[in-house]
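Read the structure below first, then the notes.
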Amino acid sequence: RKATMTRLATYIGTKIGGGLEFIASSGALSGAASVQFREQDGHFDSSKYDSYVFKFYYVLPATDSVWPIAQISANDGGAYDTTNGNYHYGGTTDFNGYYLSPVYNMGSATNEYGICGEMELFSPHLSIYTYASVFTIMTSTSAGIVSSINGGHREAQVHLSAAAQNAIKFSFNSGNIESGEIVMFGRVNS
Numbered sequence: 047r048k049a050t051m052t053r054l055a056t057y058i059g060t061k062i063g064g065g066l067e068f069i070a071s072s073g074a075l076s077g078a079a080s081v082q083f084r085e086q087d088g089h090f091d092s093s094k095y096d097s098y099v100f101k102f103y104y105v106l107p108a109t110d111s112v113w114p115i116a117q118i119s120a121n122d123g124g125a126y127d128t129t130n131g132n133y134h135y136g137g138t139t140d141f142n143g144y145y146l147s148p149v150y151n152m153g154s155a156t157n158e159y160g161i162c163g164e165m166e167l168f169s170p171h172l173s174i175y176t177y178a179s180v181f182t183i184m185t186s187t188s189a190g191i192v193s194s195i196n197g198g199h200r201e202a203q204v205h206l207s208a209a210a211q212n213a214i215k216f217s218f219n220s221g222n223i224e225s226g227e228i229v230m231f232g233r234v235n236s
């Protein structure tokens, strides 16, 4: 099932450049294969936003020993780039998506509550490499906090395609999303 916009943002006053404006929410996820945000659904609009911030709230996999990824599309979700090697992060040169997890293997056992955090996608409408900044945290099975890959700092990542991108898909490398919510905000450009 594809997530669609479930509510519209309302604001009072003047938009402030650089501020965040609510765009869409996946709603409460249950058994979804992926969550997609696409231009055709009104989620990407370069006339209003410079970049996009995605907030993850306790996104939990239905399968054990998996990791969350994001993949982007240049044709509004008709096809997502899944090419191993087109996404780079932290010195790793071969990956098939933006890597969202502080650990490779996560699940839904007791004391595993999924990932919380955010990802910012910078200016995907430009015909240059699409950069992202990812910060997530999760609770490990030993009830400890596991922070992002670089000891709690943001992880810089890049998609090596000089094409404008207008859709993003969040999923696990295997299995469905058991529960959680993903919310999309736009960083206002004026």
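Quick note: to get this note's numbering, add 46 to the position in the sequence shown (first position is 1). Note that CB positions come from ideal geometry on N, CA and C, so glycine has one too.
{"query": "Pairwise C-alpha distance: G143 and N157", "result": "27 Å"}
{"query": "Through-space distance from R84 to W36, alpha-carbon basis", "result": "In this structure the chain extends from 47 to 236, so residue 36 is not present and cannot be described."}
{"query": "Exposure of D140, with buried meaning 16 or more beta-carbon neighbours within 10 Å", "result": "exposed"}
{"query": "Alpha carbon of A120 to alpha carbon of L146, nearest angstrom", "result": "20 Å"}
{"query": "Buried versus exposed, by CB contacts within 10 Å (16 or more), L206", "result": "exposed"}
{"query": "Cβ-based neighbour list, G65, same chain, cut-off 8 Å, excluding 5 preceding and 5 following", "result": "R233, V234"}
{"query": "Cβ neighbour criterion (16 or more within 10 Å) applied to Q203", "result": "buried"}
{"query": "Presumed contact (8 Å Cβ cut-off) between M165 and F100, rounded CB distance", "result": "5 Å"}
{"query": "Three-pair Cβ contact test at 8 Å for the region 124-135 versus the region 222-232", "result": "no"}
{"query": "E158, DSSP secondary structure in three states", "result": "coil"}
{"query": "C-alpha distance - F90 paired with S97, whole-angstrom precision", "result": "9 Å"}
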